[in-house]
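Chemist: Protein chains in written order, with the numbering used here: chain R, 6 to 465; chain Y, 6 to 465. Beta carbons are placed, not taken as given, at the ideal position from N, Cα and C, and that holds for glycine. Because the structure is a prediction, the values reported are computed rather than measured.
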């Protein structure tokens, strides 16, 4: 039987569940386990291998998540059929994490982090600390967010992004969407139309649509939404992603930011500033948040910790201008807090002790190095044939190798060399792809780029 | 000694350290502790009060920061002389709204739990376990909810509530509201009107309003929404709280549940079944969830862990009928998961190991005993003068002592005896109040009821 060939090495650095996971991955990929085959139960396999059930369970779970196995209730685990070609990733944005396709060895994805850049043990410590207070976990927290976290965020957002906020104007939530839902509910009292650039962040659009806001797509230029289009559209609410624009990836420059702020003040309009990755600029000083320009009365600032905190932590915050803060206060009892209380307190502590800013400095340094290495390798392998646009805070580059293949074909060719790249743009020729460098290990970059050149040179 | 008067209330929402802090503030302000007095050491006070040292330390630190105490190295803590007017706490924003009204000693509130009924250490263990897996906390989770939690919930909801669900039709979220937001977004494609009883659950209403759904209030009778009113209203979506109706508090009986299901099937309508506290019936078997009656095709089941899990954990789940499950699948990439990944995995483990059901059995037994004791004490103290309605799954009784006072006056009289009761109903005579018994300690019930009789008898 196949499992007879399974030798787990207890002395290896690699965790047992990981060894087990790799074994099954390989067996399924190579057809030694076929689609529909029933796998041994967790209990039996644990006994056979003399490991804990948790080890087996963790391996199975990972295999389920990645689309190798499925769990059928009351029946157990079954191998799945693998698609012949790797599945297309549909969303360019903060892509669906549990992307169901089997993982390729070298992944220029945009949804992962560089694990080694995080002091995971520190986060574990803060969580354990918050968890040890019985009175914290046995009581409801503050609807608006834990007061300690809100006051830590007031200082942090000022220090990192120039945002002016008092803790009473900060509302914490489990990431962007729950906060945008609440905000849309407040805004739709007066206005039902929201302007945004195209393409926009799909998860924000979904919320606006769910709340019955009509989305008005505003034409933009290199610097963002065009003022003349804005004026003639009649919209009085706009949603912007100033640092991490999805289309061009280039940030809205200071001048356009000021123009937008001036427009909002003049019209009594509201700007929703989603500062996704705003703190991550590393080649130069970050451009200050729009909220920090002028009075801040016409801006709702939305902060997250996307790439700076661990991805498993769901946390974001709004800084409301005074007018909306009072609307919020009136209805605050009608909204429950969505973020975990323990995680809120852990984060508050991490900020207070300066560890979040340290983490940010570490990441800026790391991403600067990785980005530079990636550009360097691309130029070395491809020479002048390739077109490259660096999208710094988005932690990715847009690449066109200039061969007669569209975006999807480029992705497929890369996958043939065990490299994941992401489709970008329409099905035009020559096609372009996205290479995210947040997750890939620095030392893997040269080999991954070399493989891309093998993949794409065959067509050149 | 002064400290003999110090009663910490472990069941209060207010943290222990905060209670301790308030006690010392007040004692120093009122001169019961005088300037220069040596306070007990952290260790000793912690032992005397049977609380953790951290609790005492936190309180002492806050007192130092605010100028009530000073810490002398190697010697301990000493009270300081106060300026003539007591210092105002500078950190107004750090005070949670919950703490702004002085807490009464005996609290028949509905928003607290009986701390001693929870095996807090077990939850801590599960969290620590999930937290120890690096690969879990350094990666994004599944948008829909962790697969192992979804499969645990499929079994749990079936076992406890008769719900028929497969893990693919379950969507996890950080409590009721984020799930209702998403659901409202899906429903509003076809219908903009939602029917509900009056009064309805305010946090659900807020979400529906935020999503631009028009709320149609349907008249009800003892058994819930009236069928004739439903038929003539034209609504095709209704929101119900079958076990925990806010008005009467009595559950929708099986016959009316069946009638509503039959209506929905006939009209192709959708019933949102918010099963809040549905699992908590203890005097008899719980009435099965509406989702478990008939095909389930016209019901969205919403499950939470309100009083069964710790209040600091934000977690709920939807069971979608097949028609909505496919709508969800199409847009699942557009919704991020809101619940903490670590907490999801901890809960999955707790369910798998049977500990959640054990917890539920413990609570049913405890609440049965507390409810009975409360009824017994009320009858003993008030005799036949009082009208009592037990709202079992809501863990509360409605009481009318039959005196010429309205609801607000009854609350104020009770507060005069250091007992918190909640207003109920309009300002009619004789007034009624709510007594929640989830949070109050069992041994406090006789004294609290005795105080109510003192409070109200003066008026009789």
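1) Name the two residues that bound the continuous beta strand (DSSP E) containing residue 440 of chain Y.
2) Round the Cβ separation of residue 299 of chain R and residue 266 of chain R to the nearest angstrom and send it over; I've been treating them as touching at under 8 angstroms.
3) Any idea which residues DSSP pairs residue 428 of chain Y with across the strands?
4) So which residues on chain Y does residue 86 of chain R lean against when the C-beta distance must stay under 7 angstroms?
5) Give the single residue among R:407, R:395, R:448, R:409 whose Cα lies nearest to the Cα of residue 439 of chain R.
6) Could you tell me which of Y:223, Y:248, Y:229 sits nearest to residue 237 of chain Y, measuring between CA atoms?
7) What are the residues of the region 401–425 of chain Y that lie near chain R, defined by any Cβ-Cβ distance shorter than 8 angstroms?
8) What would DSSP say about residue 145 of chain R, mapped onto helix, strand or coil?
9) Assign residue 245 of chain R to one of three DSSP states: helix, strand, or coil.
10) Buried or exposed: residue 100 of chain Y, going by 16 or more other Cβ atoms within 10 Å of its Cβ?
11) Does residue 348 of chain R get closer than 8 angstroms to chain Y when you measure Cβ to Cβ?
12) Distance, Cα to Cα, residue 378 of chain R vs residue 393 of chain R?
13) Tell me, please, which residues DSSP counts as bridged to residue 76 of chain Y.
14) Could you tell me which of Y:335, Y:150, Y:65 sits nearest to residue 28 of chain Y, measuring between CA atoms?
15) Tell me the DSSP secondary structure of residue 95 of chain Y in three-state form.
16) Three or more C-beta pairs under 8 angstroms: does that hold for the region 178–186 of chain Y against the region 332–352 of chain Y?
17) Could you list the residues in the region 329–357 of chain Y with a C-beta less than 8 angstroms from some C-beta on chain R, going in chain order?
18) Under a CB-based cut-off of 8 angstroms, is residue 381 of chain R close to chain Y?
19) Would you give the residue range spanned by the alpha helix (DSSP H) that residue 335 of chain Y belongs to?
20) For residue 313 of chain R and residue 284 of chain R, which I take to be in contact (beta-carbon distance under 8 angstroms), what is that distance rounded to the nearest angstrom?
21) Rounded to whole angstroms, how far is the Cβ of residue 108 of chain Y from the Cβ of residue 209 of chain Y, which I believe are closer than 8 angstroms?
22) Residues bridged to residue 42 of chain R by DSSP?
23) Consider the Cβ of residue 311 of chain R: report whether some Cβ of chain Y lies at a distance smaller than 8 angstroms.
24) Can you have a look at residue 211 of chain R and say buried or exposed, based on whether 16 or more other CB atoms are within 10 angstroms of its CB?
25) If distances are taken between C-alpha atoms only, which option among R:228, R:203, R:332, R:369 comes closest to residue 221 of chain R?
26) Determine the chain Y residues that contact residue 204 of chain R at a beta-carbon separation under 9 angstroms, and present them in chain order.
27) Alpha carbon to alpha carbon, how far is residue 317 of chain R from residue 348 of chain Y? Give it in angstroms, no decimals.
28) Residue 193 of chain R touches chain Y at which residues, Cβ-Cβ below 8 angstroms?
29) For residue 373 of chain R, which three-state DSSP category applies?
30) Restricting to Cα atoms, I'd like to know which of Y:185, Y:215, Y:186 is closest to residue 192 of chain R.
31) Say whether chain Y places a C-beta atom closer than 8 angstroms to the C-beta of residue 133 of chain R.
32) Please check the pair residue 168 of chain R and residue 306 of chain R, which I expect to be a contact at CB under 8 angstroms, by giving their CB distance rounded to whole angstroms.
33) Here's the rule: buried if 16 or more other CB atoms are within 10 angstroms of the residue's CB, otherwise exposed. What is residue 43 of chain Y?
34) If I follow the unbroken alpha helix (DSSP H) through residue 347 of chain Y, where does it start and stop?
35) Beta-carbon separation of residue 411 of chain Y and residue 436 of chain Y under 8 angstroms?
36) Only counting the same chain, and skipping five residues up and downstream in sequence, which positions put a Cβ closer than 8 angstroms to that of residue 125 of chain Y?
Modeler: Reading from the atomic positions:
1) Position 435 of the second chain holds residue 440 of chain Y. DSSP places residue 440 of chain Y in the uninterrupted beta strand (DSSP E) bounded by 437–441.
2) In the first chain, residue 299 of chain R corresponds to position 294, counting from 1. In the first chain, residue 266 of chain R corresponds to position 261, counting from 1. 5 angstroms between Cβ atoms; contact.
3) Here residue 428 of chain Y corresponds to residue number 423 of the second chain, with the count starting at 1. Under DSSP, residue 428 of chain Y takes part in a beta bridge, and its partners are Y:438.
4) Here residue 86 of chain R refers to the residue found at position 81 when the first chain is read from its first residue. Listed along chain Y, no residue sits closer than 7 angstroms to residue 86 of chain R by beta-carbon distance, the nearest being about 17 angstroms off.
5) Position 434 of the first chain, counted from the start, is the residue given in the question as residue 439 of chain R. The shortest Cα separation from residue 439 of chain R among R:407, R:395, R:448, R:409 belongs to R:395.
6) For the purposes of this step, residue 237 of chain Y is taken as residue 232 along the second chain, with counting starting at 1. Out of Y:223, Y:248, Y:229, Y:223 has the C-alpha closest to the C-alpha of residue 237 of chain Y.
7) Taking 8 angstroms as the cut-off between beta carbons, none of the residues of the region 401–425 of chain Y comes near chain R.
8) For the purposes of this step, residue 145 of chain R is taken as the residue at position 140 of the first chain. Residue 145 of chain R falls in the coil class under three-state DSSP.
9) Residue 245 of chain R sits at position 240 when you count from the first residue of the first chain. Taken through DSSP and simplified to helix, strand or coil, residue 245 of chain R comes out as strand.
10) In the second chain, the residue the question calls residue 100 of chain Y occupies position 95. Confidence is the limiting factor: at residue 100 of chain Y the pLDDT is only 31, short of 50, which leaves the residue's position unreliable, though a coordinate-based value still follows. Looking at its Cβ environment, which holds fewer than 16 other Cβ atoms inside 10 Å, residue 100 of chain Y is exposed.
11) On the first chain, position 343 is the one that residue 348 of chain R refers to. Residue 348 of chain R has a beta carbon lying within less than 8 angstroms of a beta carbon in chain Y.
12) Translated into the one-based positions of the first chain, residue 378 of chain R becomes position 373. Translated into the one-based positions of the first chain, residue 393 of chain R becomes position 388. Straight-line measurement puts the Cα of residue 393 of chain R at about 13 angstroms from the Cα of residue 378 of chain R.
13) The residue labelled residue 76 of chain Y in the question sits at position 71 within the second chain. Beta-bridge pairing links residue 76 of chain Y to Y:82.
14) Locating residue 28 of chain Y in the second chain gives position 23, counting from the first residue. Closest by alpha carbon: Y:65.
15) Position 90 of the second chain, counted from the first residue, corresponds to residue 95 of chain Y. Confidence at residue 95 of chain Y is low in this model, with a pLDDT of 31, below 50, so the placement of that residue should be treated as unreliable; the coordinate-derived value is given next. Of the three classes helix, strand and coil, the one that applies to residue 95 of chain Y here is coil, per DSSP.
16) Touching, yes.
17) Those residues of the region 329–357 of chain Y that come within reach of chain R (Cβ to Cβ, closer than 8 angstroms) are 336, 337, 338, 339, 340, 341, 342, 343, 344, 345, 346, 347, 348.
18) As a working mapping, residue 381 of chain R is identified with position 376 in the first chain. Not one chain Y Cβ lies under 8 angstroms of residue 381 of chain R.
19) Numbered from its first residue, the second chain carries residue 335 of chain Y at position 330. Its alpha helix (DSSP H) spans residues 327–336.
20) Stepping through the first chain from its first residue, residue 313 of chain R is reached at position 308. Stepping through the first chain from its first residue, residue 284 of chain R is reached at position 279. Contact flag correct, Cβ pair sits at about 7 angstroms.
21) Along the second chain, one-based indexing puts residue 108 of chain Y at 103. Along the second chain, one-based indexing puts residue 209 of chain Y at 204. Not a contact, Cβ separation roughly 28 angstroms.
22) Locating residue 42 of chain R in the first chain gives position 37, counting from the first residue. In the DSSP output, where bridge partners are listed per residue, residue 42 of chain R has none listed.
23) Counting from one through the first chain, the residue named residue 311 of chain R turns up at place 306. So, not an interface residue.
24) Locating residue 211 of chain R in the first chain gives position 206, counting from the first residue. Buried.
25) Against the first chain, residue 221 of chain R aligns to sequence position 216. Closest in C-alpha terms to residue 221 of chain R, from the list R:228, R:203, R:332, R:369, comes R:203.
26) Working through the first chain from its first residue, we reach residue 204 of chain R at position 199. Here the premise fails: no neighbours, minimum Cβ distance about 13 angstroms.
27) Position 343 of the second chain, counted from the first residue, corresponds to residue 348 of chain Y. Position 312 of the first chain, counted from the first residue, corresponds to residue 317 of chain R. So the two alpha carbons sit approximately 10 angstroms from each other.
28) In the first chain, the residue the question calls residue 193 of chain R occupies position 188. Contact note: residue 193 of chain R reaches chain Y through 215, 217, using a C-beta cutoff of 8 angstroms and chain order.
29) Start at 1 with the first residue of the first chain, and residue 373 of chain R comes out as number 368. In the three-state reduction of the DSSP assignment, residue 373 of chain R falls in the helix class.
30) In the first chain, the residue the question calls residue 192 of chain R occupies position 187. Among Y:185, Y:215, Y:186, the Cα nearest to that of residue 192 of chain R is on Y:215.
31) Reading the first chain from its first residue, position 128 is the one you call residue 133 of chain R. Yes, residue 133 of chain R counts as interfacial toward chain Y.
32) In the first chain, residue 168 of chain R corresponds to position 163, counting from 1. In the first chain, residue 306 of chain R corresponds to position 301, counting from 1. Contact holds; Cβ gap of about 5 angstroms.
33) Within the second chain, the letter at position 38 stands for residue 43 of chain Y. So residue 43 of chain Y counts as exposed.
34) If you number the second chain from 1, residue 347 of chain Y lands on position 342. Looking at the DSSP string, the run of the alpha helix (DSSP H) that includes residue 347 of chain Y is 346–357.
35) To locate residue 411 of chain Y, count along the second chain from 1; it is residue 406. To locate residue 436 of chain Y, count along the second chain from 1; it is residue 431. Closer than 8 angstroms, so yes.
36) Translated into the one-based positions of the second chain, residue 125 of chain Y becomes position 120. Same-chain partners within the cutoff: 315.
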